[in-house]
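**Q** Numbered according to my numbering, the sequence shown spans residues 156 to 507.
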Amino acid sequence: MQNIEVQASRCYTVRIAAGALSRAGACVREVTKAETAVVVTDDIVNALYGDRVMGSLQAEGFRTLRFVFPNGEASKNLTVLRDLLEFLAENHVTRSDCIVALGGGVVGDLAGFAAAVYQRGIDFVQVPTTLLACVDSSVGGKTAVDLTAGKNLAGAFYQPKAVLCDYETLATLPDAVFADGMAEVIKYGAAFDRDFFDFLQSHDARENLETVIARCVEIKRDIVAEDETDRGRRGLLNFGHTLGHAIEGCSGFSVSHGSAVGIGMVIMSRAAYRCGLTKTDCSEEIAALLRQYGLPTATDFSAQDLCEKALSDKKRSGSHITLVIPETLGHCVLHTVETAALLPIIQKGLEA
Ligand code: NAD
Ligand code: GLY
156 MQNIEVQASR
166 CYTVRIAAGA
176 LSRAGACVRE
186 VTKAETAVVV
196 TDDIVNALYG
206 DRVMGSLQAE
216 GFRTLRFVFP
226 NGEASKNLTV
236 LRDLLEFLAE
246 NHVTRSDCIV
256 ALGGGVVGDL
266 AGFAAAVYQR
276 GIDFVQVPTT
286 LLACVDSSVG
296 GKTAVDLTAG
306 KNLAGAFYQP
316 KAVLCDYETL
326 ATLPDAVFAD
336 GMAEVIKYGA
346 AFDRDFFDFL
356 QSHDARENLE
366 TVIARCVEIK
376 RDIVAEDETD
386 RGRRGLLNFG
396 HTLGHAIEGC
406 SGFSVSHGSA
416 VGIGMVIMSR
426 AAYRCGLTKT
436 DCSEEIAALL
446 RQYGLPTATD
456 FSAQDLCEKA
466 LSDKKRSGSH
476 ITLVIPETLG
486 HCVLHTVETA
496 ALLPIIQKGL
506 EA
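1) Compute every distance between the C-beta of residue 386 and the non-hydrogen atoms of the ligand GLY, then say whether any falls below 6 Å.
2) Is there at least one non-hydrogen atom of the ligand GLY closer than 6 Å to the beta-carbon of residue 389?
3) Can you give me the start and stop residues for the beta strand (DSSP E) that residue 481 sits inside?
4) Label residue 342 either buried or exposed according to how many other C-beta atoms from any shown protein chain fall within 10 Å of its C-beta, with 16 as the threshold for buried.
5) Taking Cβ positions, are residue 240 and residue 269 nearer each other than 7 Å?
6) Can you tell me which of the three DSSP states residue 490 falls into?
7) How far does the beta strand (DSSP E) with residue 228 in it extend, from its first residue to its last?
8) I need the boundaries of the beta strand (DSSP E) containing residue 170, first residue and last residue.
9) How long is the line joining the alpha carbons of residue 203 and residue 196, rounded to whole angstroms?
10) Below 6 Å CB to CB, which residues in the same chain sit around residue 219 once its five sequence neighbours on both sides are set aside?
11) Beta strand (DSSP E) containing residue 255: first to last residue?
12) Is the beta carbon of residue 201 within less than 6 Å of some heavy atom of the ligand NAD?
13) Indicate the three-state DSSP secondary structure (helix, strand or coil) for residue 215 in the structure shown.
14) For residue 445 and chain C, any beta-carbon pair shorter than 7 Å?
15) With three or more beta-carbon pairs closer than 8 Å as the criterion, would you say the segment 368 to 388 touches the segment 462 to 477?
16) What are the complete alpha helix (DSSP H) segments, minimum 4 residues, inside the segment 337 to 366?
17) Check whether the Cβ of residue 295 lies closer than 6 Å to any heavy atom of the ligand GLY, and answer yes or no.
18) Hey, residue 349 and residue 485: beta-carbon distance below 7 Å or not?
19) In terms of residues, what are the limits of the alpha helix (DSSP H) holding residue 501?
20) Could you check the C-alpha separation between residue 384 and residue 298 for me, to the nearest Å?
21) Could you check how far apart the C-beta atoms of residue 416 and residue 339 are, in whole angstroms? I think they sit under 8 Å.
22) How would you write the range of the alpha helix (DSSP H) that residue 439 sits in, first residue to last?
23) With a threshold of 6 Å (Cβ to nearest heavy atom), would residue 291 be considered close to the ligand GLY?
24) Mind checking which residues open and close the alpha helix (DSSP H) that includes residue 459?
25) Mind checking residue 324: buried by the 16 CB within 10 Å criterion, or exposed?
26) Sorry if obvious, but does the Cβ on residue 392 come closer than 6 Å to a heavy atom of the ligand GLY?
27) Give the straight-line distance between the Cα atoms of residue 494 and residue 169, rounded to the nearest whole angstrom.
28) Going by C-alpha to C-alpha distance, which of 497, 301, 309 sits closest to residue 397?
29) Excluding sequence positions up to five away, which residues of its chain have a Cβ less than 8 Å from the Cβ of residue 499?
30) The alpha helix (DSSP H) that contains residue 422, what's its start and end?
31) Could you tell me whether the Cβ atoms of residue 487 and residue 456 are closer together than 7 Å?
32) Does DSSP classify residue 328 as helix, strand or coil?
33) Grouping DSSP H, G and I as helix and E and B as strand, with all else coil, what is residue 196?
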């Protein structure tokens with residue numbers, strides 16, 4: 156078991172432990188005075204873990220409610236958000252009550268945003284059940300829903316009261332969803348910690364989940380403590396994401412987020428070296444580690460198509476776009492370029 160303290164506008168503990176789900180009630184009781192706890196989850200996670208969490212909350216004396224919505228990104232929208240807010244109001248949930256977000260990043264982002272805006276903010280606890288949610292989305296307070304115009308366009312920075320990560324729940328994840336989370340895990344090694352990158356090469360992450368999740372959370376904790384609202388250093392977490400989002404968009408979202416981010420890291424590393432922005436080419440080592448965890452490393456989309464998509468991303472700011480490039484393996488830096496410079500950079504990254 157590991158406890159990691161996050162120091163942000165609200166300070167909280169990330170508890171990482173096998174079997175922690177059965178202690179969800181006690182964990183929520185420690186951090187809130189709520190009488191009612193509202194479990195927000197998707198249909199798949201509800202069938203697997205909903206009753207266990209509800210039972211644990213009831214054992215601590217909470218009045219419990221449960222809001223379940225269809226799994227998948229398509230649910231992370233204003234309609235489901237409105238339905239959830241109406242559900243809270245109809246059931247007389249008050250400002251001192253609490254939401255428990257049980258699921259992957261979709262559940263955490265949507266439930267967290269509902270917690271941020273319901274009666275101007277009520278407590279919420281993140282209980283992540285995907286690898287991506289354990290290592291990334293449950294920590295740091297970014298909450299959002301998607302708009303028709305793009306992903307995560309309506310949201311708030313709103314920190315949870317606690318994060319309870321029971322990595323035994325990852326045993327039921329489909330392999331492809333686990334691999335998706337591994338792309339983010341590899342990102343932490345490639346962008347911030349060479350030793351961790353080496354660890355992932357020489358150990359099976361699935362056999363070392365507590366160590367792996369804890370290291371990722373520590374890295375994210377340090378970044379969030381420095382730049383909670385994403386004005387600078389937090390942007391480093393987007394290594395691989397500018398091109399990753401472009402690949403996802405070009406594929407009509409048939410390429411998964413993790414696969415796309417992995418490919419984005421490889422292309423950007425190669426491009427940075429070939430454009431003389433870095434002295435070392437990390438692309439081959441990153442590609443080998445992605446392959447080790449069953450992730451793809453190349454795309455057939457053209458530089459032109461990827462560039463167009465990348466420039467429509469919300470990471471662009473006016474006539475400039477900030478890229479994340481690895482100076483060396485384990486150390487990324489931010490590099491801002493004019494938008495006109497992006498196409499030749501991507502072209503270099505795609506060349507054989
Ligand atoms: P997800 O929440 O859609 O979960 C993926 C699938 O796995 C779903 O079908 C879900 O029902 C299922 N699932 C979840 N837990 C399971 C379990 N233990 N066993 C079996 N099936 C399970 O996807 P995700 O990859 O967890 O999250 C992606 C979302 O996270 C995106 O919307 C993205 O924008 C967001 N995100 C947010 C942040 C942030 O900082 N807030 C960071 C990264 C990503
Ligand atoms: N996942 C990127 C961030 O939390 O900033």
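We treat Cβ as the ideally placed atom computed from N, Cα and C, and that holds for glycine.
**A** Quick answer:
1) Checking the 6 Å criterion, the Cβ of residue 386 is out of range of every heavy atom belonging to the ligand GLY.
2) With a cut-off of 6 Å, the C-beta of residue 389 is classified as near the ligand GLY, since at least one heavy atom of the ligand falls inside that distance.
3) Its beta strand (DSSP E) spans residues 475 to 483.
4) The residue is buried, with at least 16 neighbouring Cβ atoms inside 10 Å.
5) Result yes, Cβ atoms of residue 240 and residue 269 sit closer than 7 Å.
6) Strand, per DSSP.
7) Premise fails: residue 228 is in no beta strand (DSSP E) and is neither H nor E.
8) If you look at residue 170, you'll find it in the beta strand (DSSP E) that goes 167 to 171.
9) Approximately 11 Å, taken between the alpha carbons.
10) Counting only Cβ-Cβ distances below 6 Å, and skipping sequence neighbours, we find 192, 209, 212, 213.
11) That run of the beta strand (DSSP E) goes 253 to 258.
12) It does not: the Cβ of residue 201 is nowhere closer than 6 Å to a heavy atom of the ligand NAD.
13) Under the three-state reduction of DSSP, residue 215 is assigned to coil, being neither helix nor strand.
14) Looking at the structure shown, chain C is missing, and only one protein chain is on hand.
15) Short answer: they don't touch.
16) You should have 349 to 357.
17) The answer is yes for residue 295.
18) Residue 349 places its beta carbon less than 7 Å from that of residue 485.
19) Segment 497 to 505, the alpha helix (DSSP H) holding residue 501.
20) One C-alpha to the other measures close to 12 Å.
21) About 7 Å; that satisfies the 8 Å criterion.
22) Per DSSP, residue 439 belongs to the alpha helix (DSSP H) from 438 to 447.
23) Distance from the C-beta of residue 291 to the nearest heavy atom of the ligand GLY is below 6 Å.
24) Judged by DSSP secondary structure, residue 459 falls within the alpha helix (DSSP H) whose first and last residues are 458 to 466.
25) By the 10 Å Cβ count, residue 324 comes out buried.
26) For the ligand GLY, at least one heavy atom lies less than 6 Å from the Cβ of residue 392.
27) So the two alpha carbons sit approximately 38 Å from each other.
28) Among 497, 301, 309, the Cα nearest to that of residue 397 belongs to 497.
29) Result list for residue 499: 430, in chain order.
30) Unbroken alpha helix (DSSP H) run through residue 422: 412 to 429.
31) For residue 487 and residue 456, no; Cβs fall outside 7 Å.
32) Note: residue 328 maps to coil in three-state DSSP.
33) Secondary structure at residue 196: strand, using DSSP grouped into helix, strand and coil.
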